[in-house]
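As given, the protein sequences belong to chains A and B, one line each in that order. Start counting the first sequence at 73; every next residue gets the next number (the numbering used here). Start counting the second sequence at 73; every next residue gets the next number (the numbering used here). Glycine is no exception: its CB is placed at the ideal position from the N, C-alpha and C atoms. Bear in mind that the values here come from a model prediction, so they are computed numbers and not experimental data. All remarks here apply to the structure that follows.
2 protein chains.
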Amino acid sequence: MGSNPDLSIESHMEANIIQEGSVVVPSRLLSEVIRRLPNAEMEVSVQANNSVKFSCLNSIVTLQGFASDEFPTLPDINENQPIEISKMLLSKMIRETIFAVAVDEARPILTGALMEVEDSQVTMVCLDGYRLGLRKGKLDTSHESRKVIIPGKSLQDVGKIMDEDDQKISITVSDRHVLFDMGYTRIVSRVLEGEYINYKQIIPEDYKTRVKVDTKILADSIDRASLIAREGKNNLIKLSLQDQKMIITSNSESGQVYEEIPIIQEGKDLEIAFNARYFMDMLKVLEDQEICLDFTTSVSPCVIRPITGNDYTYLLLPVRIFV
Amino acid sequence: MGSNPDLSIESHMEANIIQEGSVVVPSRLLSEVIRRLPNAEMEVSVQANNSVKFSCLNSIVTLQGFASDEFPTLPDINENQPIEISKMLLSKMIRETIFAVAVDEARPILTGALMEVEDSQVTMVCLDGYRLGLRKGKLDTSHESRKVIIPGKSLQDVGKIMDEDDQKISITVSDRHVLFDMGYTRIVSRVLEGEYINYKQIIPEDYKTRVKVDTKILADSIDRASLIAREGKNNLIKLSLQDQKMIITSNSESGQVYEEIPIIQEGKDLEIAFNARYFMDMLKVLEDQEICLDFTTSVSPCVIRPITGNDYTYLLLPVRIFV
Numbered sequence: 073m074g075s076n077p078d079l080s081i082e083s084h085m086e087a088n089i090i091q092e093g094s095v096v097v098p099s100r101l102l103s104e105v106i107r108r109l110p111n112a113e114m115e116v117s118v119q120a121n122n123s124v125k126f127s128c129l130n131s132i133v134t135l136q137g138f139a140s141d142e143f144p145t146l147p148d149i150n151e152n153q154p155i156e157i158s159k160m161l162l163s164k165m166i167r168e169t170i171f172a173v174a175v176d177e178a179r180p181i182l183t184g185a186l187m188e189v190e191d192s193q194v195t196m197v198c199l200d201g202y203r204l205g206l207r208k209g210k211l212d213t214s215h216e217s218r219k220v221i222i223p224g225k226s227l228q229d230v231g232k233i234m235d236e237d238d239q240k241i242s243i244t245v246s247d248r249h250v251l252f253d254m255g256y257t258r259i260v261s262r263v264l265e266g267e268y269i270n271y272k273q274i275i276p277e278d279y280k281t282r283v284k285v286d287t288k289i290l291a292d293s294i295d296r297a298s299l300i301a302r303e304g305k306n307n308l309i310k311l312s313l314q315d316q317k318m319i320i321t322s323n324s325e326s327g328q329v330y331e332e333i334p335i336i337q338e339g340k341d342l343e344i345a346f347n348a349r350y351f352m353d354m355l356k357v358l359e360d361q362e363i364c365l366d367f368t369t370s371v372s373p374c375v376i377r378p379i380t381g382n383d384y385t386y387l388l389l390p391v392r393i394f395v
Numbered sequence: 073m074g075s076n077p078d079l080s081i082e083s084h085m086e087a088n089i090i091q092e093g094s095v096v097v098p099s100r101l102l103s104e105v106i107r108r109l110p111n112a113e114m115e116v117s118v119q120a121n122n123s124v125k126f127s128c129l130n131s132i133v134t135l136q137g138f139a140s141d142e143f144p145t146l147p148d149i150n151e152n153q154p155i156e157i158s159k160m161l162l163s164k165m166i167r168e169t170i171f172a173v174a175v176d177e178a179r180p181i182l183t184g185a186l187m188e189v190e191d192s193q194v195t196m197v198c199l200d201g202y203r204l205g206l207r208k209g210k211l212d213t214s215h216e217s218r219k220v221i222i223p224g225k226s227l228q229d230v231g232k233i234m235d236e237d238d239q240k241i242s243i244t245v246s247d248r249h250v251l252f253d254m255g256y257t258r259i260v261s262r263v264l265e266g267e268y269i270n271y272k273q274i275i276p277e278d279y280k281t282r283v284k285v286d287t288k289i290l291a292d293s294i295d296r297a298s299l300i301a302r303e304g305k306n307n308l309i310k311l312s313l314q315d316q317k318m319i320i321t322s323n324s325e326s327g328q329v330y331e332e333i334p335i336i337q338e339g340k341d342l343e344i345a346f347n348a349r350y351f352m353d354m355l356k357v358l359e360d361q362e363i364c365l366d367f368t369t370s371v372s373p374c375v376i377r378p379i380t381g382n383d384y385t386y387l388l389l390p391v392r393i394f395v
């Protein structure tokens, strides 16, 4: 078991227990030792002074440990109405939204990710005031509505720990905690208290310009434009939409980039500017081959969705420029 | 062409030159841009203000450059009696000795690697006062004797740049420089002036204890012992040789390691201690499956060689301990 103020993790494995007991071991050193021991059966024993002996073939490593009396235990959670979700789906939901979580502590609630369950639909939302990432997923069964705000850092750790196999993970929400149960490993995070922003009203329903573009072509072009943009102080790229083409430009003291990519454009021409990194964060993780960008004016948010399905939405505020 | 006070590198490639010219471009930004442009034909042009335009398919990247008038040129070297050596061999010679080069500037000559040529034999030697790495190699033809001391950092860069194919590299030594010529790329390093240490007299010819051991088994054991050793202040491991076994131990406030490995021992038993890192540096790069360790006393150097051949020698000073 390991824990920090936000998160506790407990993991189990089969062992032949000769005598029960517990001890606390320095975690970094322990993992370095275990990684280097041969892949063979190991005997673990704890001596009177809390030193822990790992014997494996011809190696004996002894680590100085501590008494386990004061080690925090996993918070007790009443496993009521757990949500079962495929690990692959949860992993994708985290990956496609988590980068939009607020880093700035000015509005603490935004440092968390909102997870909403309604009937058989689960929605993950992250937003930081400049962009919003939203990913929906389907559950096998219907559930009572509930909401929980999970600290972004905890959710990132959950994503890292989870094997992406086709097994399910069970999520239980209580007033103060959320439990991610994978059977062999259980993760409990505290939740953030308070009301999340009413994100639905932020997402515009109309548009004046709609553009369809190949995700990889757009990502490669913005990536190149970023090289020069990030040398400037605003990390700014400019998009110009006209004649079924998107012109992407950036410039700073170091130079300029000009990129021209083919698009399918519907509606009027537009010039608009964005923070290059906010665009790339999303393009780097989205697996869909083609995306659709909806614009209204050069000062209103752009809404990005995959061409097919309506499971993913990314909303991005433009940067006001004077041209 | 790029250069720093120790090293200059010049590289060529085929191009269709429409108008000759030269310009200086910021190197980091240039390599980042080129890496991100599509794998297609590119047009490079320099404008009047020294800005450099790279056009490739639908991308145009312009980087602000500088006039090339004051850029240093490659030192002129009279390519007299070059030594031809296989890149694979040179690369191995560098890899197996370079870690023993002195980092400390107290004796500047030791921050260089000695390269000696005699008849058809080339020898590379690095030593830092605690250990010595020596690697011999065979040349196809006989050469006049010569010696050169190459800055360790330069030699490391040569090793990094060189493709490890079965082509040859040609090395020319002048009074102040050494040229590594790979045809498409030429590297010139300054050489260190002064006399190198007479390393031959450092290597003992006799031994009282000789041990044969499997390189990987020894490396794995010392690697584990290092985990605990490096938490202490001397990074010390102790070797105990007796009854056809080597016992490796380390201890610090964090714990202890005890490793027992099978050896073939000839001569008397011995207890001796070493800096774990100095042992690992060599074990990590040596490709030979079995090595032979020669010891005299617990305060005299240990000489390590592969079981077969006499091309490689590593000499390691023990750390004096009180047991």
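Chain B within 7 Å of residue i, Cβ atoms only
i, result
"A:SER131", "yes"
"A:THR134", "yes"
"A:GLU104", "yes"
Contact with chain A by residue i, beta-carbon distance below 7 Å
i, result
"B:GLY327", "yes"
"B:ASP341", "no"
"B:TYR330", "yes"
"B:ARG108", "yes"
"B:GLU113", "no"
Proximal chain A residues relative to residue i, where beta-carbon distance stays under 9 Å
i, result
"B:LEU101", "LEU299, ILE300, GLU303, SER326, GLY327"
Cβ neighbours of residue i in the same chain (closer than 8 Å, five flanking residues each side left out)
i, result
"B:TYR256", "SER83, HIS84, MET85"
"B:ARG179", "GLY201"
"B:GLU236", "LYS159, MET160, SER163"
"B:ILE170", "ALA185, CYS198, GLY205, GLY224, LEU227, GLN228, GLY231"
"B:THR321", "ALA297, ILE309, LYS310, SER312, GLN328, VAL329, TYR330, GLU331"
"B:THR287", "LEU355, LEU358, ASP360, GLN361, GLU362, ILE363"
Within chain B, the residues that residue i reaches when beta carbons sit closer than 8 Å
i, result
"A:ILE294", "By Cβ distance, chain B contributes nothing, its closest Cβ being about 11 Å from A:ILE294, past 8 Å."
"A:PRO98", "SER326"
Chain-order list of residues whose beta-carbon lies under 6 Å from that of residue i (same chain, five-residue window excluded)
i, result
"B:ARG302", "none"
"B:ILE393", "ALA345"
"B:VAL118", "GLY93, VAL95, VAL124"
"A:TYR386", "GLY205, MET354, ILE376"
Listed by chain order, chain C residues near residue i by CB distance under 9 Å
i, result
"B:SER123", "Absent from the structure is chain C; the protein chains it does hold are A and B."
Close Cβ partners of residue i (< 7 Å) along its chain, the five nearest in sequence each way excluded
i, result
"B:ILE183", "The sequence as given places Thr at residue 183 of chain B; Ile does not occur at that position. Cβ neighbours of B:THR183 beyond the five flanking positions: VAL173, ALA174, GLU177, PRO223, GLY224."
"A:SER158", "ASP238, LYS240"
"B:ARG248", "ARG262, VAL263"
"B:LEU161", "GLY209"
"B:CYS128", "LEU109, PRO110, ALA112, MET114"
"B:LYS284", "ILE335, ILE336, GLU362, CYS364, ILE379"
"A:ASP278", "THR368"
"A:GLU325", "GLU303"
Neighbour list for residue i in chain B, Cβ cutoff strictly below 7 Å
i, result
"A:ILE333", "ASN130"
Three-pair Cβ contact test at 8 Å for the region 344-364 of chain B versus the region 289-304 of chain B: yes
Every unbroken beta strand (DSSP E) within the region 223-257 of chain A, with a cutoff of 3 residues, ordered by chain: 240-245, 249-253
Cβ contact check for the region 188-201 of chain A and the region 143-150 of chain A: 3 or more pairs under 8 Å: no
In chain order, each beta strand (DSSP E) run of at least 3 residues that lies wholly inside the region 147-232 of chain B: 155-158, 184-199, 203-223
Cβ contact check for the region 201-221 of chain A and the region 264-283 of chain A: 3 or more pairs under 8 Å: yes
The region 329-346 of chain A in contact with the region 304-319 of chain A per 3-pair CB rule at 8 Å: yes
Uninterrupted alpha helix (DSSP H) stretches inside the region 357-382 of chain A (no shorter than 4 residues): none
Contact the region 94-107 of chain B vs the region 118-125 of chain B: 3+ CB pairs below 8 Å: yes
Segments assigned beta strand (DSSP E), at least 3 residues, entirely inside the region 109-137 of chain B: 114-118, 123-128, 131-136
3-residue-minimum beta strand (DSSP E) runs that sit fully inside the region 261-314 of chain A, ordered along the chain: 281-286, 308-314
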